[in-house]
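Student: The sequence shown lines up with residues 7 to 118 when you count with my numbering.
Ideal Cβ positions, reconstructed from N, Cα and C, are used throughout, including at glycine.
In this text the structure is predicted, and so the values were computed from the model without any measurement.
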Amino acid sequence: MGKIYSYIDGHRFAVKVDGMTLVGSYYIPDDLVDEYLRNRKELARKARRIFKKYCHSVCRDFKGSQDGEALIGLDEHGKIKMFIHLDPDGIDAMRAAEDEGTLEQFLLDYQD
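Okay, here's the thing in structure tokens:
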């Protein structure tokens, strides 16, 4: 069986490489993929709830882009008001803030 590939911004990347799996636009160690996906799903859901308090509409966008998927809050004119990447750094930062009970403040400060 041959390699499986995914395309990001028109470039081809192997889904599996040296004990790592491509999730979105980032390689995650195979033993951490399930935890990463659980955290990303949970934190995106919580961030969406927070964004909805401050934004007219909220969506996930940029899937398949070089920087990967992001959560975006828009104002009533469709301009971006709030934004967070759902990449490993964004997920780790949100997890730390959630663990400290400061996720909402973190997301508000992140916009500055």
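#1: Classify P35 as buried or exposed, calling it buried when 16 or more other Cβ atoms lie within 10 Å of its own Cβ.
#2: Take Q72 as the anchor and find which of I10, L114, E106 and R18 has the nearest alpha-carbon.
#3: Buried or exposed: which applies to A102, given that a residue is buried once 16 or more other Cβ atoms fall within 10 Å of its Cβ?
#4: Can you give me the C-alpha to C-alpha distance between K9 and E48, rounded to a whole angstrom?
#5: Could you check where the beta strand (DSSP E) with L80 kicks off and where it finishes?
#6: Nearest to E82 by CA position, among D95, S63, A53 and D67, is which residue?
#7: Just to confirm, are K87 and L77 a CB contact at a threshold of 8 Å?
#8: In angstroms, rounded to a whole number, what distance separates the CA positions of Y128 and G107?
Tutor: Reading it off the structure:
#1: exposed
#2: R18
#3: exposed
#4: 30 Å
#5: A76 to L80
#6: S63
#7: no
#8: Because residue 128 is not part of the residues shown, which for the chain are 7 to 118, the question remains open.
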